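Participant:
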Amino acid sequence: MTDVEQSATTTDISDQVGTAGTTVKSGIVSSLKGIEEIEAEIVSLVRNTVSSTIKTTGAVASEAVGTVRDVMKGAISATEEVGAGLVLASKSVAKGVVMGVSDVGGDMIGAATEIGKAAVKGAAEVGGDVAMVARRTVDGVVDAARETGGNAAQLAVAAANGAIEAADSIGKSAVGAVRDILVGVVGGVKDVAGAALPKSAPSEASTEASTQTGES
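Using the numbering used here, read the sequence shown as starting at 5 and increasing by one per residue.
The following block contains the structure:
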């Protein structure tokens with residue numbers, strides 16, 4: 005093979021590799037853009053549904069909580085039907101819920117707490133990744149707070165506490181997984197990480213130490 009032929013062959017291979025990379029890049033960009041569009045559609049759907057339902061029913065706090073639960077159940081049923089997407093959808097659903105409640109002047113902290121509970125319980129019921137669903141839910145709540153002018157720190161803590169409370173009813177391993185992943189999400193805000201931790205019972209060692217101190 006002459007130097008010219010070898011050079012041409014090398015160029016062809018480089019072109020093919022370059023084309024493969026470009027093809028993958030284009031496909032991923034298109035997919036990600038599609039995901040963003042889908043997420044935006046879910047946020048809009050949930051936001052409008054929540055706000056219109058609360059307006060129509062003139063919902064008091066307890067009824068608004070019921071609306072939040074119902075919306076999360078509907079979202080979980082949808083992801084079960086298509087076979088995937090609960091982790092992805094949970095952020096958009098949470099964001100839409102909080103924004104919808106905000107639109108009608110409702111209790112955003114209450115909504116954040118309830119969506120945290122509902123997301124974790126729903127994920128557990130269908131065998132989903134409870135910790136990741138919790139994380140995405142808190143992410144969605146924080147996004148909603150930023151876009152509506154709400155207190156992102158307060159809403160993050162509310163959603164985290166709701167998620168941890170729900171995890172507590174599932175089991176210790178669930179609590180640990182949810183708590184660990186949420187501390188990373190809300191830990192950047194002063195005192196939030198500590199506030200988001202579940203109130204644990206005193207350990208045997210600390211109880212014994214307290215007893216001894218009292219006796220001395």
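Where is the CB? At the ideal position from N, CA and C, for every residue including glycine.
Every value quoted in this text rests on a predicted model; they were computed, and no experiment measured them.
Could you please give the first and the last residue of the uninterrupted alpha helix (DSSP H) stretch that includes Ile-119?
Facilitator: First-last of the alpha helix (DSSP H) with Ile-119: 112-129.
Participant: Which stretch, first to last residue, makes up the alpha helix (DSSP H) that contains Val-97?
Facilitator: Val-97 -> alpha helix (DSSP H) spans 90-107.
Participant: May I have the straight-line CA-CA distance separating Asp-143 from Thr-60, to the nearest angstrom?
Facilitator: Approximately 28 Å, taken between the alpha carbons.
Participant: My guess is that Val-145 and Ala-98 are in contact by the Cβ rule of under 8 Å, so how many angstroms apart are they, rounded?
Facilitator: That belief holds up - the Cβ atoms of Val-145 and Ala-98 are roughly 5 Å apart, short of 8 Å.
Participant: Would you mind working out which of Thr-23, Asp-184, Ser-177 and Gly-154 sits nearest Ala-164, comparing C-alpha positions?
Facilitator: Nearest of Thr-23, Asp-184, Ser-177 and Gly-154 to Ala-164, Cα basis: Asp-184.
Participant: Is it true that the region 122-132 meets the region 158-175, where meeting means three or more beta-carbon pairs spaced less than 8 Å apart?
Facilitator: Touching, per the Cβ criterion.
Participant: Ordered along the chain, which non-local residues of its own chain (more than five positions away) have a Cβ less than 6 Å from that of Ala-128?
Facilitator: Excluding positions up to five away in sequence, the list reads Val-134 and Ile-174.
Participant: Flag this pair as yes or no: are the beta carbons of Val-161 and Ile-168 separated by less than 8 Å?
Facilitator: Their beta carbons are not under 8 Å apart, which means Val-161 does not touch Ile-168 by this criterion.
Participant: Tell me where the alpha helix (DSSP H) around Asp-147 begins and ends.
Facilitator: First-last of the alpha helix (DSSP H) with Asp-147: 134-152.
Participant: With distances taken from CA atoms, which of Thr-117, Val-47 and Ala-149 is nearest Gly-221?
Facilitator: As displayed, the chain neither begins before 5 nor continues past 220, which places residue 221 out of reach and without an answer.
Participant: Let's test the definition: count the other Cβ atoms within 10 Å of the Cβ of Ala-44 and tell me whether it reaches 16, buried, or not, exposed.
Facilitator: Ala-44 should be labelled exposed.
Participant: Could you give the distance in angstroms between the alpha-carbon of Ser-94 and the alpha-carbon of Thr-26?
Facilitator: Taking the straight line joining both Cα atoms gives about 31 Å.
Participant: Could you give the DSSP three-state label for Asn-155: helix, strand or coil?
Facilitator: Asn-155: coil per DSSP, three-state reduction.
Participant: Beta-carbon within less than 6 Å of Gly-148's beta-carbon, same chain only, minus the 5 sequence neighbours each way: which residues are those?
Facilitator: Residue identity check: residue 148 is Ala in the sequence provided, not Gly. The residues are Lys-99, Val-102 and Met-103.
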